[in-house]
Structures are given as structure tokens and as C-alpha cells.
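**Q**
Residue numbers (the UniProt record's numbering): 1 to 876.
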């Protein structure tokens, strides 16, 4: 019997069915070792020696694997087919060698791109050894990320209080977001006008043509700058006659795009489905690992971490057969389509993301999938099938029109153009179109009526519309991923984690699916640009990625790359030791001038204190971050939050410790303040341990908090009214898991904090009743209501939920309750994490309580007497 090691328990169960009883498949549950989060885990002075640690859960799983290997004939490492998967196999092998579990047993490595029986059996028939260059590239990347994070972050903490940390790729991604914000702040809007004519053909069909030239001069977008100009041109056109000078119909062909890669899937899922990158990868992971279809678990898509655009020959043949069946032979090209791209990393250039079976249409599997899985599978299937279809045949028509107005001063002329397209054969569009094509309102996508060259056209109306130029849009997750990929920064498997880190560290917020840099994030970027410019340069980061790729290709030694990097980087860090905080503040004042010193409504100098009139405003650094203060402190106490209202008088500004006074409580006369603590911003009334405090609810920013809002928060919980059946009070408040109503021990969440302040008795009674009905038990029923439903367990047997119990939040599956790690937010727990926790709990014995320890049997009286006669021990 051979032992096979895979990453996830769901995958282990499926593969074990495929392989049969001669194999024992065990899961590593992802990475089994990591660098401890402390100094000294990577030691440059010891030729970059690395210390690895194993947590308790991984240690137990490794012990199980070691025990199984000792009784087995051999070991097969079958972790995921990418750099991280190769690293996990290497870690498992290293630990087993340390445990001396292998002895002389054969070890092999297999990879499969899909969890199907054929893919798994083919992989098992073609084993190889662990790819050493790929492991070296992993070690180099891990060491680089550690050295940057654990060397640069302490510099930030010392020189820029309130900053969390800095990472190698994360800092460059944050710079892109912040630079776009700076572009928007510097942008100056310009007015311009568009002139269009609504014209009619002799066949009484109307169309629109846009002005392109006037009095013989070709017009650019911004040439008509004001209403007077526009009205003059409009008046001329209203007295003009129109005729078609030429009509040109030009056939064009549009070819389909290749199947999805990791980044293009994340971009499409963001624009079409509204998924975050992280959500996309979680759903894709589930589709890859397998869904139960007809009693058998089958992977629906190939591996989803890839930058390859090609499909396997057998997959192309299957796609062509499916096209003939689903769309007809007209949509099938004579020869298969082949795609290629210069892969930045040969080891990750696997197959593109595609269905494992093209005859498994979205409609045929929808009943087995949840909503997210069905929607993501549908676009993967459609994009992959479209990639092998005939091109779309489009006729693009361009009509040039002359307008002539014969006046007493001579003839005045203008040129107009109408452009439209007609799809003569939809081709691949029948299966899939990009979201930008579906949403486009471009004139080229408009259909024109029949227009003949030389014929006169009737003037129906002349339209002059005012516009202003728009600043560049903020990045969405999709557009930022696209930009990072264009620059060669990061890799497909890292984008989701990078974006999640920026959000978790509160460097960016997401507003209407756009990434908005927080003041904290802009401070960090400005600091790095001024004092570590080289290490947040796009070219430098991209060059480093190329070196990592060369390591994985076996062209560079990984320690040579680390030595070259560390020599310059450690020197740059050493140079900041003499850096004074005043130097940092001076640099940040200039770099962030639009944010620190926004223009005032009265036009006064934004750098002069509005309170005392003589002091200069500057950034100040407090315990909880940066704020703006007056140079005449303490005589002048003007302060305001960074990015706050520049027109305020500072009476309610932030103190030098980040505290902002909001006013006094009208009943107690105690001071109400806005503060920032370990768990985020909060409002407080009074001082000391007995002071009343309230965290800010989701969606409320510190800058939006005023005296009225603070009073409202501090008034919670509020009494809604007595329950008509029990006579007990219903209250509304803000708790650990958001806004709620409470009655007789039953908590029920409400949608928003506004509901807490406005909810009436009738609605509160209904919400409580709905919650009790969903629990199906009374207050003494024992099982708390679910805070969140994560979905069905991969192995079947019911749903997994997140609940809050007497001893804290936990995940529940049937009779198994697994406590969440300390500090883990229950609202962010994923299905994969929950499955892992449940599996660990089951391995420990599920929910069964340990038998109570029996009381020690009483000693016989004789023994007692004997013990009493024993002389007392001498004191030392």
C-alpha cells in the first residue's frame, strides 16, 4: 500500500475512491510549516538560514502521515500543481525525513490539473521527483517577503506611529491606488460641448450624426469650449441642408478571447458578477475540488491558479464536439484554435481554466450548485467554449455627411459622421461576450438605417450638449489586478491575498466596488516613496519577479538573488536610523499637501492655522496615527483629523494623542470624545474605567462622527417597548456582531444601525418571532441561532454554520462544534476554514466529552494510620 498526500480533506476522499484500497490518501490541510512571525526566522548572517515552525494542528497531521508512511510501501506527494503545492510537498518530505519515517522507501511527486478519475489515473502513471528549482523559487520568495516585512515594518512603527506594516508586493499595489487618488485630486475639469444632428432618410428612418469639422477645420474633443460657441454652431446647422457624401460598409471579423487565466477570471467575475478576487478564488476552489453529481464527487473545472491560455488537445476535441451539438456546425471552425502567451513563469503555465467536461453544460449542473458556484461555472464554461468557435462577422458602416448653410456672407459648411455596426453572423458571441461589449454605448455599436450615397437627408433636430472632462476612475479590484499583471508585479495566485491584506490593514476601503486609499494608506505610501523609493518602484519589483522566475527555471541560484537584494536593502534601512521625525513630517507635508492642506472655502492660505491666525499647520504623529495640528501648541490647541474638514475651527479637533472632542453630554455634562483603540475607533463619555463607550458601527467613519451621532451611540441600548405577549421589554443596541434587538434572551440582528434608532415595537416583535422560528427552539433549547450559513459540507451530511455560544463563536456541523481561533471574526470565516476546523475536531474525538475522572478510592483506615506514624520531613 502507498500513502498519497494531498492538500484538502475533500480532495483526499474523492481521490481515494478513484485509486482504490491499495492507496491511503491523507490531507496535509494546506501548508504544514511556516516561518515564525518573529525576528530571526530568516538569518542573512548565516547565509539566509531559515527556521520553520509547525503548529499543533499540523503537528498532529504530520504525525498521522508519518505513522502511515512507516507501514506503507512508498510515499506519493500529490499536492497542487503550482509553486505553493510544490513547496507543501517539500515541507512534508523534510518533516518525514526528520522523523526518520521514510528510511529507503520510494518517494514520487504527481500532479493533476483536474479532480477527475482520468486525470488522477494519468498523473499516477507519470510520476516525477520534486522540482528543486521550483522549491528554491518558493524559498527565495518567502525569504524576501519575510525580510521586507520584518525589516521595514519596525521602521514604520518607529517613524510613523499608527502604521501597521509594509509588504513587498502589497506596498507597490497600495502605491498604485494612492497615485490614482493623487491624480484625481490634481485633476482640473474642463468644459466642452458636443453637437449632434438627428437626421432622417427619404425612407423616414432617423439616425444620429456627430459634428466632426466646422468651416473646414477638423474639431477635436475639447475644441467647442463654451455655450456661446455651441449656440453659434447650432444656429448655423439649424439653417443648413444635409446630404450624404459617402457611405462605406466594411466587413470585419472579431475573434474570441482565450479561456480564462487566474487574473482574467478574477477580472471577469468582478465586472460581471460583482465578486471580490478572494470570493472568486474560494468559489473556484470548490468547483475544482469537486461537487457531488449522481452520488460521485467530480471536479467541474481544471486548476484555477494558472497563467496559461492553452487547453489540452483532448479538451479542444471535446469543446469542438460540444460546439457542434449545442450551437451547430456553422459555429465550428475548420481547424482548432490555439492560443499562446509569453508565460512569465514556466512552472505556472498550466492549462487555462476550463470545464473538465464540456458536455456538462451550466444548465445540466445548476441543480447541484449554489448560486455563486453556478454563476462562476457558467462564465468559465462559456468563455472556454467560445474560445474554439468561429469569429463574429460584423459590418461596420461609416457615413460622411456635409451640412451647407448659404447665407448672405457666403456658404458655411460643416462635416458630420455617423458610425454603426451590424452583426452579420454572431459566431462566438452566441456563447460569450465581454462585459465591456455588453455595456458599451459606443456609437460603433449602434445600428444605422439604410443610407445611400448622395441622397438628401432631412434635419429633424440639432442637439448641443454640455460635458466636462472626467478624472481617471479609481481602481476596482479587477482593474488593479489587470494593472499589476501588465507591470509584471506579483503572480496570479497572490493577487487575491494582496488585495485582502490591504483591506484588512485598513490601508484601503471599498466604496461602490472601487478602492479608496485611507489616510493611513496614503501616509505609508508617501513615507516609502520618500525614504525607500527604490523598493516601491514598479520596474524594480517587476525585475525581482523575473529573477524569481529565473530561479524556478534553474537559471539563477536563489541565495545569490537574496544576497544582492539584502546588501542594498539593509543599507537603506540603516540610513533611516538617523532620520528624525521632523524630517519625516516635512517630507510628508509636501508629498500629501492636497490631503493635509485642502483648499478652503474662503480662499485663505490652507497652511495657516484658522484658529490663531499665526501658527503654521503641519502633520503631527500621535499614538494612534497622524493628525493635523498648529505649530503654536500648546498656546493654540487647533487640531483636526487627517483628511477632515479644513474649514472647521478646530474646537472639536483631534488631540495630540488622536482624541477628538465632540462636546458635552447635556445631562451629565461629561466630555464626549472620539478615540482610536486597539479594536478601532470608538466614542467615549467621561473618563476612567466607568466611562461609557461605544464602537463605531459598520459604515460610519471617524470623519463623519459629530456630537449628535456620538450621543445617539452612547444612548444605546434603547428600550423599544414591552412585548405584547410576555410583557418584557424589547431593547435595541449595537453588539459584537452588529445591530440587534433583544427580548428575553433572544438576540435578532437587524439590517443597519439606523434600524436600531428607528425600529418600532411591531417590527421588533416580528423580527424576534422570525428569529425564534428559525431556531426552532425556545430560549432553553440550547442551540444558538446561526450567525452565518457557509453552505453544505463537501462530504455531504448537512450545512455548516457559524454560531455564538457561551464560550465564544464556533462552527457547527451536525453534532460537531469547533471553536474559532481567538480573535477570529466569525463573519469572515470561509467554508474551507470551517471544514478544516471540523475535521480537526473530529480527529480529536468530535463533541464527546472526556469521561469524568473517578475520585481516588479512599485508603483503608489501616493505611491512614500507618501514614500518620510516618515522621515529618526535616526542614531544610
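Note that the Cβ used here is the ideal one computed from N, Cα and C, for glycine as well. Just so we're clear, the structure is a prediction, and the values are computed from it rather than from any experiment.
1. List the whole-angstrom C-beta distance separating residue 266 from residue 495, where the pair is believed to meet the contact cut-off of C-beta under 8 Å.
2. By the three-class DSSP mapping on this structure, what secondary structure does residue 743 have?
3. Just checking my contact of residue 897 with residue 741 at CB under 8 Å: how many whole Å lie between their CB atoms?
4. Below 8 Å, can you find three or more Cβ-Cβ pairs linking the region 692-705 to the region 713-728?
5. Could you tell me the alpha carbon to alpha carbon distance between residue 492 and residue 341, rounded to whole angstroms?
6. Could you tell me the distance, in whole angstroms, from the CA atom of residue 130 to the CA atom of residue 139?
7. Grab me the residues of residue 839's own chain with a C-beta within less than 6 Å of its C-beta, minus the 5 sequence neighbours each way, in chain order.
8. List in chain order: all unbroken beta strand (DSSP E) runs of 3+ residues lying wholly within the region 96-170.
9. Which one of 540, 580, 556 has the shortest CA to CA distance from residue 568?
10. Applying the 10 Å Cβ sphere with the 16-neighbour rule, what's the burial state of residue 17?
11. Of all the options 242, 665, 530, 532, which has the alpha carbon lying nearest to the alpha carbon of residue 415?
12. Have a look at residue 364 and residue 295 and give me their C-alpha separation to the nearest angstrom.
13. Count the C-beta pairs between the region 93-108 and the region 62-71 that are closer than 8 Å, then say yes if the count reaches three, no if not.
14. Let me know the beta strand (DSSP E) ranges lying completely inside the UniProt domain "Toprim" (1-117), each 3 residues or longer, listed in chain order.
15. As a quick exercise: from 74, 273, 216, 745, pick the residue whose alpha carbon is nearest that of residue 723.
16. For residue 239, collect the residues of the same chain with a Cβ closer than 6 Å to its Cβ; drop the 5 residues on either side in sequence, then sort them by chain order.
17. Find out if the Cβ-Cβ distance for the pair residue 418, residue 208 is shorter than 8 Å.
18. Per DSSP, which residues does residue 729 bridge with? Please list them.
19. Are residue 488 and residue 546 closer than 8 Å when you measure CB to CB?
20. Could you check whether the Cβ of residue 505 sits closer than 8 Å to any Cβ belonging to chain B?
21. Spatial neighbours of residue 814 within its chain, please: C-beta separation below 7 Å, excluding the five flanking residues on both sides.
22. How many whole angstroms separate the CB atoms of residue 477 and residue 277, which I take to be in contact at a CB cut-off of 8 Å?
23. Count the other CB atoms within 10 Å of the CB of residue 334; is the residue buried (16 or more) or exposed (fewer)?
24. Roughly how many whole angstroms lie between the Cα atoms of residue 700 and residue 826?
25. Distance, Cα to Cα, residue 251 vs residue 446?
26. When the Cα of residue 34 is compared with those of 55, 45, 764, which residue comes out closest?
27. Could you name the residues of the same chain whose beta carbon sits closer than 7 Å to that of residue 900, not counting the 5 residues immediately before and after it, in chain order?
28. Is the beta carbon of residue 256 sitting closer than 8 Å to the one on residue 124?
29. My parser needs the beta strand (DSSP E) runs of 3 or more residues fully inside the region 512-574; what are they?
30. Per DSSP, residue 882 forms a beta bridge with which residues?
31. If the criterion is Cβ atoms closer than 8 Å, does the pair residue 114 and residue 302 meet it?
32. Can you tell me whether residue 498 is helix, strand or coil according to DSSP?
33. Tell me whether residue 682 sits in a helix, a strand or coil according to DSSP, three-state version.
34. Among 789, 554, 720, whose alpha-carbon lies nearest the alpha-carbon of residue 763?
35. Please list, in chain order, all residues of the same chain as residue 432 whose beta carbon is under 6 Å from its beta carbon, the five residues on each side excluded.
36. Which term fits residue 188, buried or exposed, when burial requires 16 or more other beta carbons within 10 angstroms of its beta carbon?
**A** According to the data block:
1. Taking the first residue of the chain shown as 1, we reach residue 266 at position 266. Taking the first residue of the chain shown as 1, we reach residue 495 at position 495. 6 Å between Cβ atoms; contact.
2. Residue mapping note: residue 743 aligns to position 743 of the chain shown, counting from 1. Here residue 743 sits in strand by DSSP.
3. Residue 897 lies beyond the range of the chain shown here (1 to 876); nothing can be said about it.
4. yes
5. Counting from 1 along the chain shown, the entry for residue 492 is found at position 492. Counting from 1 along the chain shown, the entry for residue 341 is found at position 341. Computed Cα separation, rounded: 14 Å.
6. Along the chain shown, read from residue 1 onward, the residue named residue 130 stands at position 130. Along the chain shown, read from residue 1 onward, the residue named residue 139 stands at position 139. CA-CA distance, residue 130 to residue 139, rounds to 14 Å.
7. On the chain shown, position 839 is the one that residue 839 refers to. Within the same chain, and ignoring the five residues on either side of residue 839 in sequence, the residues whose Cβ sits closer than 6 Å to its Cβ are 9.
8. 107-109
9. Locating residue 568 in the chain shown gives position 568, where the first residue counts as 1. Looking at the Cα atoms, 540 is the closest of the given residues.
10. Here residue 17 corresponds to residue number 17 of the chain shown, with the count starting at 1. The residue in question, residue 17, is exposed, as its Cβ has fewer than 16 Cβ neighbours within 10 Å.
11. Indexing the chain shown from 1 puts residue 415 at position 415. Nearest option by C-alpha distance: 242.
12. Position 364 of the chain shown, counted from the start, is the residue given in the question as residue 364. Position 295 of the chain shown, counted from the start, is the residue given in the question as residue 295. Straight-line Cα distance between these residues: approximately 15 Å.
13. yes
14. 2-6, 23-27, 74-77, 107-109
15. Taking the first residue of the chain shown as 1, we reach residue 723 at position 723. When only C-alpha atoms are compared, the closest one is 745.
16. Taking the chain shown and counting its residues from 1, one reaches residue 239 at position 239. Result list for residue 239: 405, in chain order.
17. In the chain shown, residue 418 corresponds to position 418, counting from 1. In the chain shown, residue 208 corresponds to position 208, counting from 1. In this structure, residue 208 lies closer than 8 Å to residue 418 by Cβ.
18. Locating residue 729 in the chain shown gives position 729, counting from the first residue. DSSP, once it has assigned bridges, lists 722 as partnering residue 729.
19. Looking up residue 488 in the chain shown gives position 488. Looking up residue 546 in the chain shown gives position 546. In contact: residue 488 and residue 546 (Cβ atoms closer than 8 Å).
20. The structure shown has no chain B; it contains just one protein chain.
21. Here residue 814 corresponds to residue number 814 of the chain shown, with the count starting at 1. Excluding sequence neighbours, residue 814 sits near 797, 798.
22. For this step, residue 477 is matched to residue 477 along the chain shown. For this step, residue 277 is matched to residue 277 along the chain shown. With a Cβ gap of about 5 Å, residue 477 and residue 277 count as contacting.
23. Counting from 1 along the chain shown, the entry for residue 334 is found at position 334. Per the 10 Å Cβ criterion, exposed.
24. For the purposes of this step, residue 700 is identified with residue 700 of the chain shown, where counting begins at 1. For the purposes of this step, residue 826 is identified with residue 826 of the chain shown, where counting begins at 1. Answer to the nearest angstrom: the Cα atoms are 20 Å apart.
25. Along the chain shown, one-based indexing puts residue 251 at 251. Along the chain shown, one-based indexing puts residue 446 at 446. Straight-line Cα distance between these residues: approximately 15 Å.
26. By 1-based counting over the chain shown, the position of residue 34 is 34. Per the Cα distances, 55.
27. Nothing can be reported for residue 900: it is not among the residues displayed for the chain, which extend from 1 to 876.
28. Against the chain shown, residue 256 aligns to sequence position 256. Against the chain shown, residue 124 aligns to sequence position 124. In this structure, residue 124 does not lie closer than 8 Å to residue 256 by Cβ.
29. Listed in chain order, the complete beta strand (DSSP E) runs (minimum 3 residues) inside the region 512-574 are 514-517.
30. No answer is possible for residue 882: the residues shown for the chain start at 1 and end at 876.
31. In the chain shown, the residue the question calls residue 114 occupies position 114. In the chain shown, the residue the question calls residue 302 occupies position 302. Yes; because the gap between Cβ atoms is below 8 Å, this pair is in contact.
32. Residue numbering aside, residue 498 sits at position 498 when the chain shown is read from its first letter. In the structure shown, residue 498 sits in a helix (DSSP, three-state: H, G or I).
33. Stepping through the chain shown from its first residue, residue 682 is reached at position 682. Note: residue 682 maps to strand in three-state DSSP.
34. In the chain shown, counting from the first residue as 1, residue 763 sits at position 763. The shortest Cα separation from residue 763 among 789, 554, 720 belongs to 720.
35. Here residue 432 refers to the residue found at position 432 of the chain shown. Result list for residue 432: 382, 383, 386, in chain order.
36. One-based indexing of the chain shown puts residue 188 at position 188. Result: exposed.
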